[in-house]
Amino acid sequence: MRTTLHIQNINCGDCLVTITNKLSELKHISNVIVNPENETVSFEYNSHHDFDKAKHVLSMIGYPVIGPENML
2 MRTTLHIQNI NCGDCLVTIT NKLSELKHIS NVIVNPENET VSFEYNSHHD
52 FDKAKHVLSM IGYPVIGPEN ML
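Just so you know, we're using my numbering here: the sequence shown kicks off at 2 and counts up by one.
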């Protein structure tokens with residue numbers, strides 16, 4: 002499965018590298034693409050558990066997902 006998430010705090014090239022590296026370290030997460038202009042990250046995952054783990058990692062490294070519980 003593939004998803005695209007809108008995330009907060011992407012403002013430089015280092016952000017792109019950090020997000021890509023951290024998500025790529027996760028098992029069952031692949032093909033990570035970060036778009037700083039749209040403040041999105043896209044990736045492939047195998048299960049809802051993998052998806053939730055990726056969202057948790059994004060939050061822990063300072064790039065939380067924008068959603069109903071976290072509106073800007």
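C-beta atoms are modelled at their ideal positions from N, C-alpha and C, and glycine is treated no differently.
Paired residues, beta bridge with residue i - DSSP
i   : result
L17 : Paired residue(s): none; L17 is not in a bridge.
I8  : V66
Option in the options with minimal Cα separation from residue i
i   : options             : result
K54 : L24, T19 and N36    : L24
M61 : T4, M2, D15 and T19 : T19
Runs of beta strand (DSSP E) wholly within the stretch 24-59 (minimum 3 residues, chain order)
30-36 and 41-46
Count the CB pairs spanning the stretch 8-15 and the stretch 26-34 that are closer than 8 Å, and state whether there are at least three.
no
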